[in-house]
Amino acid sequence: MRIEAIAWDIDGTLVDSEPLHQEALNAISHDLGIDMSDLHDDRFRGIHMGDVWRLLESRMPAGVTEKSWGTSIVDYYIARAHTLEPLPGVLDLVRRFAAAGIRQACVSNSSRRVVDANIAGLGILPFIDFSISLDDVTRGKPDPEPYATACRRLGALPAHVLGVEDSHTGFASAKAAGLLTAFHTVGGEAPAGADLVFSDMRDLGAFVLAPVASAAPSSS
285 MRIEAIAWDI
295 DGTLVDSEPL
305 HQEALNAISH
315 DLGIDMSDLH
325 DDRFRGIHMG
335 DVWRLLESRM
345 PAGVTEKSWG
355 TSIVDYYIAR
365 AHTLEPLPGV
375 LDLVRRFAAA
385 GIRQACVSNS
395 SRRVVDANIA
405 GLGILPFIDF
415 SISLDDVTRG
425 KPDPEPYATA
435 CRRLGALPAH
445 VLGVEDSHTG
455 FASAKAAGLL
465 TAFHTVGGEA
475 PAGADLVFSD
485 MRDLGAFVLA
495 PVASAAPSSS
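Per the numbering used here, the sequence shown starts with residue 285, numbered consecutively.
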């Protein structure tokens with residue numbers, strides 16, 4: 285079956301931004317005197333800022349609000365987003381999908397400001413139809429709402445859209461919304477039920493583009 289559209293996660297899928305996200309959280313937490321030594325970095329992987337706040341709220345100094353805390357973290361991140369690099373093969377693959385007529389959207393658990401900074405920094409804006417940020421939905425991943433919203437905006441049935449993810453949280457969101465799923469992993473454990481598990485972007489390209497090529501009319 286031909287895949288009509290790609291719904292890309294961003295953090296950890298298109299760009300290795302998780303270290304900068306964690307750096308921003310650690311830096312602001314340190315400035316506020318918050319001890320997170322009992323919380324492993326993996327505890328924050330793939331979850332949105334509202335959930336991070338709920339994990340840390342009881343440790344916050346008096347007078348710190350979720351809005352002021354979140355703004356400080358985002359400001360720190362955006363000031364350093366120019367240092368981010370796309371994962372190997374990403375830019376080529378995004379261009380190839382676009383050339384093949386496959387629509388592309390980004391679906392992220394990050395705020396609108398972070399999503400826009402990432403897309404602009406990666407240089408993929410001309411190839412992305414739109415993006416869904418945490419600010420655009422009522423419930424973030426793992427709820428299906430972000431991916432369901434993307435499918436509606438794409439005008440495509442979820443069964444014809446491939447959600448590309450690197451976290452179990454995001455995978456659960458795409459799967460619950462009824463999308464085909466591709467899980468990007470480098471040595472980690474992949475969730476059961478993914479339509480594709482890959483570590484090399486070339487494998488993702490072959491999975492998506494091989495049906496397109498086979499459906500093309502012969503030149504002979």
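Each residue gets a CB set at the ideal place from its N, CA and C atoms; glycine is no exception.
From a predicted model like this one, the values you see are computed outputs, not experimental measurements.
{"query": "Here's the rule I'm using: 16 or more other beta-carbon atoms within 10 Å means buried, otherwise exposed. How should S313 be labelled?", "result": "buried"}
{"query": "In whole angstroms, what is the alpha-carbon distance linking T433 and I416?", "result": "8 Å"}
{"query": "Where does the unbroken beta strand (DSSP E) through H366 begin, and where does it stop?", "result": "First-last for H366: undefined, no H or E at that position."}
{"query": "Report the rounded CA-to-CA distance for G462 versus G405, giving the unit in angstroms.", "result": "30 Å"}
{"query": "Report all residues from its chain with a CB closer than 6 Å to the CB of R423; omit the five preceding and five following residues, and keep chain order.", "result": "E429"}
{"query": "For the structure I just gave you, are there three or more beta carbon pairs, one from the region 330 to 347 and one from the region 372 to 383, closer than 8 Å?", "result": "no"}
{"query": "Per DSSP, what kind of secondary structure is A279 in: helix, strand or coil?", "result": "Because the chain spans 285 through 504 in this model, residue 279 falls outside it and cannot be assessed."}
{"query": "Would you please state the rounded distance, in angstroms, between the beta carbons of M333 and G354? I believe it to be under 8 Å.", "result": "5 Å"}
{"query": "Taking Cβ positions, are D293 and E302 nearer each other than 8 Å?", "result": "no"}
{"query": "Span of the alpha helix (DSSP H) holding A383?", "result": "V374 to A383"}
{"query": "Tell me the rounded alpha-carbon separation between A474 and F482.", "result": "9 Å"}
{"query": "Any idea what DSSP makes of S415, helix, strand or coil?", "result": "strand"}
{"query": "Let's test the definition: count the other Cβ atoms within 10 Å of the Cβ of H324 and tell me whether it reaches 16, buried, or not, exposed.", "result": "exposed"}
{"query": "To which residues of the same chain is S395 closer than 8 Å at the C-beta, ignoring the five residues directly before and after it?", "result": "M333, G354, V358, S417, L418 and D419"}
{"query": "In whole angstroms, what separates the C-alpha of A458 from that of I408?", "result": "22 Å"}
{"query": "Distance, Cα to Cα, L441 vs I318?", "result": "45 Å"}
{"query": "Thinking just about the alpha-carbon of each residue, which of V391, L316 and H444 is nearest to the one in P426?", "result": "V391"}
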